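Asks:
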Amino acid sequence: MIAQGKPATSRLTHEERIIAVTRDSSASARSAIAASWARSVQRYGLDPYRPKPVRMLSASELSVARERLGDMVRLAQSSLDQLFQAVGGVGCSVLLNDRHGVVLDRRGHPADDAVFQRSGLWTGAVWSEEAEGTNGIGTCLAEERALTIHRDQHFYARNTSFSCSAAPIYDHEGQLAAALDVSSSRADMTESFAGLITIAVADAARRIESLNFRHAFANARVVVTPDLDRHNAGLLAIDRDDMVVGASHAARQAYGLNNAKLARPIPVDALFSRAEDPADELKRAERGALRRALAATGGNVSAAARALGVSRATLHRKMKWLGIQSDH
Numbered sequence: 065m066i067a068q069g070k071p072a073t074s075r076l077t078h079e080e081r082i083i084a085v086t087r088d089s090s091a092s093a094r095s096a097i098a099a100s101w102a103r104s105v106q107r108y109g110l111d112p113y114r115p116k117p118v119r120m121l122s123a124s125e126l127s128v129a130r131e132r133l134g135d136m137v138r139l140a141q142s143s144l145d146q147l148f149q150a151v152g153g154v155g156c157s158v159l160l161n162d163r164h165g166v167v168l169d170r171r172g173h174p175a176d177d178a179v180f181q182r183s184g185l186w187t188g189a190v191w192s193e194e195a196e197g198t199n200g201i202g203t204c205l206a207e208e209r210a211l212t213i214h215r216d217q218h219f220y221a222r223n224t225s226f227s228c229s230a231a232p233i234y235d236h237e238g239q240l241a242a243a244l245d246v247s248s249s250r251a252d253m254t255e256s257f258a259g260l261i262t263i264a265v266a267d268a269a270r271r272i273e274s275l276n277f278r279h280a281f282a283n284a285r286v287v288v289t290p291d292l293d294r295h296n297a298g299l300l301a302i303d304r305d306d307m308v309v310g311a312s313h314a315a316r317q318a319y320g321l322n323n324a325k326l327a328r329p330i331p332v333d334a335l336f337s338r339a340e341d342p343a344d345e346l347k348r349a350e351r352g353a354l355r356r357a358l359a360a361t362g363g364n365v366s367a368a369a370r371a372l373g374v375s376r377a378t379l380h381r382k383m384k385w386l387g388i389q390s391d392h
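Just so you know, we're using the numbering used here here: the sequence shown kicks off at 65 and counts up by one.
(1) I want to know whether the region 152-165 touches the region 194-211 - three or more CB-CB distances under 8 angstroms.
(2) Assuming Ile201 and Cys228 make a contact with CB atoms under 8 angstroms, what is their CB distance in whole Å?
(3) List the residues that DSSP assigns as beta-bridge partners of Pro331.
(4) Alpha helix (DSSP H) containing His78: first to last residue?
(5) According to DSSP, simplified to helix, strand and coil, what is Arg250?
(6) Where do the N-terminal and C-terminal ends of the beta strand (DSSP E) with Val137 fall, by residue?
(7) Kindly confirm or deny that the region 305-320 and the region 168-182 touch, where touching means at least three C-beta pairs closer than 8 angstroms.
(8) Helix, strand or coil for Ser157 per DSSP?
(9) Is DSSP giving Leu110 helix, strand or coil here?
(10) Around the C-beta of Gln389, are 16 or more other C-beta atoms found within 10 angstroms, so that it is buried, or is it exposed?
(11) Between which two residues does the beta strand (DSSP E) holding Arg170 run?
(12) Let's see if you can read the secondary structure: which residues bound the alpha helix (DSSP H) around His313?
(13) Given a cut-off of 7 angstroms on the beta-carbon distance, is the pair Leu147 and Leu160 in contact?
(14) Which two residues bound the contiguous beta strand (DSSP E) that contains Ala301?
(15) For Leu244 versus Ala231, is the C-beta distance shorter than 7 angstroms?
(16) Taking the alpha-carbon positions, what's the Ser375 to Leu326 distance?
(17) Given that a residue counts as buried once 16 or more other Cβ atoms are within 10 Å of its Cβ, and exposed if not, what is Ala210?
(18) At what residues does the alpha helix (DSSP H) containing Arg278 begin and finish?
(19) From this set, Ile330, Gly155 and His236, which residue's C-alpha is nearest Ala251's C-alpha?
(20) Distance check for Glu194 and Tyr108, CA to CA, integer angstroms please.
(21) If I follow the unbroken alpha helix (DSSP H) through His218, where does it start and stop?
(22) What residue range does the alpha helix (DSSP H) around Val105 cover?
(23) Within the region 179-212, note down every full beta strand (DSSP E) run reaching 3 residues or more, in order along the chain.
(24) Determine whether the beta carbon atoms of Ala221 and Val118 lie at a separation below 7 angstroms.
What follows is the structure, given as structure tokens:
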């Protein structure tokens, strides 16, 4: 959760607090909230005294936005349902947003719909930081991290009744694609409880990322990176030759991968054994190929030899050299 950015006095109005903080040249270094308020004023030219109506996309614009996100909207449905089941009972709405802050899909209790619709937290609304200043969806997208914007941490006073927890979602190429948000206007929503919701939102966002990644690399073997913690686990897509052909955002960060590097398949062993002798690497790769061929044929050496395009005698010599045993 990010730290609050309030000045010492509590006698200022919400708008006066924002102006006072943004005029303090050192405030942004001390507080992420202050930094977001400063971006809202200085970069986007927003005025806390003059909020514009929440922008709503037309039906055709919303359709284009959904198409732009591709299969992710469809793949996210079960995660949206599960998250809403967990938080809907305490007056929360779940919102899936694209990288521009457009609400593409939402879940909410009918009894709470009037509040959210009136406030603009509704399908088709634009909640980028550029449009609405500091807010859960927009600031999450701007800073690319899970966070909570709680009540008067919002830029516009009209949004200060809400507590919003959001987490970024990356596509199969590691690019920022969307944000998942849970918002509540309940008076008893505490900042500490909103922080717990942030954890649930981040977990749901990772599930959506995983589903989307596995869908994009449906013909590859997808493995979880072995040396990252559970909350930041990366995914690697590996082809039949044990070459890395895809990597999630977390995996790219962990192993220094990008689209340029992945344009040429990378041996998976190269990610985990940097200093290996080339001869040993070749031997390991050959051993892996033979073992896969034998496994595919149930250990039948003759069938494996045919699959590999070599003679049975050659395969036996290779197996002896590599220390591979067979029951056939």
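Don't be surprised by glycine CBs; every beta carbon is placed ideally from N, CA and C.
Predicted model, so just to flag it, every value in this text is computed and none were measured.
Replies: With the structure as the only source:
(1) Because the criterion of three Cβ pairs below 8 angstroms is met, the region 152-165 and the region 194-211 touch.
(2) Correct: roughly 7 angstroms between the Cβ atoms.
(3) According to DSSP, Pro331 bridges with Met307.
(4) Secondary structure note for His78: its alpha helix (DSSP H) is the uninterrupted segment His78 to Thr86.
(5) Coil at Arg250, not helix or strand.
(6) Premise fails: Val137 lies in the alpha helix (DSSP H), Met136 to Leu139, not in any beta strand (DSSP E).
(7) With the cut-off at 8 angstroms, the region 305-320 and the region 168-182 do not touch.
(8) Residue state, collapsed to three classes: strand.
(9) Leu110: coil per DSSP, three-state reduction.
(10) With fewer than 16 other Cβ atoms within 10 Å, it is exposed.
(11) First-last of the beta strand (DSSP E) with Arg170: Val167 to Arg171.
(12) Counting along the chain, the alpha helix (DSSP H) containing His313 begins and ends at His313 to Tyr319.
(13) Judged by their CB atoms, Leu147 and Leu160 are not nearer to each other than the 7 angstroms cut-off.
(14) For Ala301, the enclosing beta strand (DSSP E) covers residues Leu299 to Ile302.
(15) Closer than 7 angstroms, so yes.
(16) Ser375 and Leu326: Cα-Cα distance of roughly 35 angstroms.
(17) It is buried - the Cβ of Ala210 has at least 16 other Cβ atoms within 10 Å.
(18) Residues Glu255 to Ala280.
(19) Residue Gly155 is the option with its Cα nearest to Ala251.
(20) About 6 angstroms.
(21) Counting along the chain, His218 sits inside no alpha helix (DSSP H), nor does DSSP assign it H or E at all.
(22) Per DSSP, Val105 lies in no alpha helix (DSSP H) and is assigned neither H nor E.
(23) Qualifying beta strand (DSSP E) stretches: none in this window.
(24) The answer is no: Cβ separation not under 7 angstroms.
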